[in-house]
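Residue numbers (my numbering): 2 to 234.
All C-beta atoms, glycine included, are put in the ideal place defined by N, C-alpha and C.
Quantities reported herein were computed from a predicted structural model and do not represent experimental measurements.
Worksheet: the structure to be examined is printed underneath.
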Amino acid sequence: GGTRVDSCCRVFVVGPKAHTMSLVLSANMNSHERDFIVALSQAEQNAALNAFAKMTKASPEKIDRLALWGGGGDLCFADCSYLRVGEKWALGKLKSDSVASEFAASASQAMKGVYTDSATLSSASATAIQDYWVGQPKQWCSLGVASDESYGIDADIWYTVPVDCPGLMFKRVTGLPISPLAAEMMNKSIAALKKERDMVMSSVPKSFFVETEELRKAVNFSMLDVVNNSASM
Numbered sequence: 002g003g004t005r006v007d008s009c010c011r012v013f014v015v016g017p018k019a020h021t022m023s024l025v026l027s028a029n030m031n032s033h034e035r036d037f038i039v040a041l042s043q044a045e046q047n048a049a050l051n052a053f054a055k056m057t058k059a060s061p062e063k064i065d066r067l068a069l070w071g072g073g074g075d076l077c078f079a080d081c082s083y084l085r086v087g088e089k090w091a092l093g094k095l096k097s098d099s100v101a102s103e104f105a106a107s108a109s110q111a112m113k114g115v116y117t118d119s120a121t122l123s124s125a126s127a128t129a130i131q132d133y134w135v136g137q138p139k140q141w142c143s144l145g146v147a148s149d150e151s152y153g154i155d156a157d158i159w160y161t162v163p164v165d166c167p168g169l170m171f172k173r174v175t176g177l178p179i180s181p182l183a184a185e186m187m188n189k190s191i192a193a194l195k196k197e198r199d200m201v202m203s204s205v206p207k208s209f210f211v212e213t214e215e216l217r218k219a220v221n222f223s224m225l226d227v228v229n230n231s232a233s234m
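In structure tokens form, the structure reads like this:
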């Protein structure tokens, strides 16, 4: 018989295509098991926090409620709409009406290079896993998770959203108002991730994908079967 994914198992995927790779890994899992696979966006979050700190001369440790939306690298949009400095709303102190777009551009430039420095990427990944496992009460985390279709994000893609990490799990931050700029950038990243998804679905043999739980049971097929079979070859 097939081996089910243990409830204590978590899979953390890192890289510029981590979101679509998470989708591939999840293809033969139950719907409730999909939350066990997470695409890490900590490197992008660190780059965006440092960009805002440089822009405002604020200490990165005092900045919280940064929201990231999208995929990896240049598919990630840094949103400062909810951002706080010293527990006070940051945009209320900034006079420029264009600060959101200026910050997004600065953060985007900083995030483009996050996958070129292996040491920085490894450190960011370790931080993200620790925050997920132990909990991070002081800061929103940024994780690429299976879309639940909130915020108008299409199903069947992994998408980075702001989350709370109380420990051993994540909880999506819900009910945030979305600015016109954020909506525009989110739509672009959704379209790009859907394109990646469709390319993968068309190129991977259909026998790899099982569309329903009934079919998965019928063929006794799971993600771990693939791993175990590959290891024995």
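DSSP three-state label for residue 132, please. helix
So, does the segment 31 to 49 touch the segment 124 to 131, judging by three or more C-beta pairs under 8 Å? yes
Residue 63: which of 130, 108, 88 sits nearest, CA to CA? Among 130, 108, 88, the Cα nearest to that of residue 63 is on 88.
Please report the straight-line C-alpha distance between residue 74 and residue 106, rounded to a whole angstrom. Roughly 13 Å separates the two Cα atoms.
Starting from residue 68, trace the beta strand (DSSP E) both ways and give me its first and last residue. 68 to 71
Using the Cβ count rule (16 or more neighbours within 10 Å means buried), how would you classify residue 212? Interpretation of residue 212 is limited by its pLDDT of 48, a score under 50 that renders its predicted location unreliable; no figure is taken from the coordinates.
Provide the residue span of the alpha helix (DSSP H) that contains residue 177, from first to last. That residue, residue 177, is in no alpha helix (DSSP H); it is neither H nor E in DSSP.
Identify which residue in 152, 188, 187, 144 has its Cα closest to the Cα of residue 20. 144
Cut-off 6 Å between Cβ atoms - residues of its own chain near residue 38, not counting five sequence neighbours on either side: For residue 38, same chain residues with a beta-carbon under 6 Å away, outside a window of 5 residues either side, are 12, 23, 26, 27 in chain order.
Three-state secondary structure (DSSP) of residue 157: DSSP places residue 157 in coil when its eight states are reduced to three.
Less than 8 Å between the C-beta atoms of residue 182 and residue 83, yes or no? no
Using only CA atoms, which one of 14, 47, 10 lies nearest to residue 142? 47
Quick check on this structure: which residue in 166, 14, 149, 81 has the alpha carbon closest to the alpha carbon of residue 32? Comparing Cα positions, the closest option is 149.
Where do the N-terminal and C-terminal ends of the alpha helix (DSSP H) with residue 23 fall, by residue? 19 to 26
Please report the straight-line C-alpha distance between residue 139 and residue 65, rounded to a whole angstrom. 7 Å
If you run the structure through DSSP and keep just helix, strand and coil, what is residue 212? With a pLDDT of only 48 at residue 212, under the threshold of 50, the placement of this residue in the model should not be trusted; the figure read from the coordinates follows. Here residue 212 sits in coil by DSSP.
Drop a sphere of 10 angstroms on the beta-carbon of residue 185, count the other beta-carbons inside from all chains shown, and report buried for 16 or more, exposed for fewer. exposed
Pull up the distance between the alpha-carbon of residue 135 and that of residue 164, whole angstroms please. 14 Å
Starting from residue 12, follow the alpha helix (DSSP H) in both directions and report where the run begins and ends. Where residue 12 is concerned, there is no enclosing alpha helix (DSSP H), although the beta strand (DSSP E) it sits in stretches over 12 to 14.
Neighbour-count burial assignment, residue 68, 16 or more Cβ in a 10 Å radius: That one is buried.
How long is the line joining the alpha carbons of residue 99 and residue 110, rounded to whole angstroms? So the alpha carbons of these two residues sit roughly 17 Å apart.
Is it true that the CB of residue 190 sits closer than 8 Å to the CB of residue 70? yes
Does the distance from the C-beta atom of residue 201 to that of residue 171 stay below 8 Å? no
Buried or exposed: residue 159, going by 16 or more other Cβ atoms within 10 Å of its Cβ? buried
What number of angstroms, rounded off, separates the C-alpha of residue 118 from the C-alpha of residue 195? 28 Å
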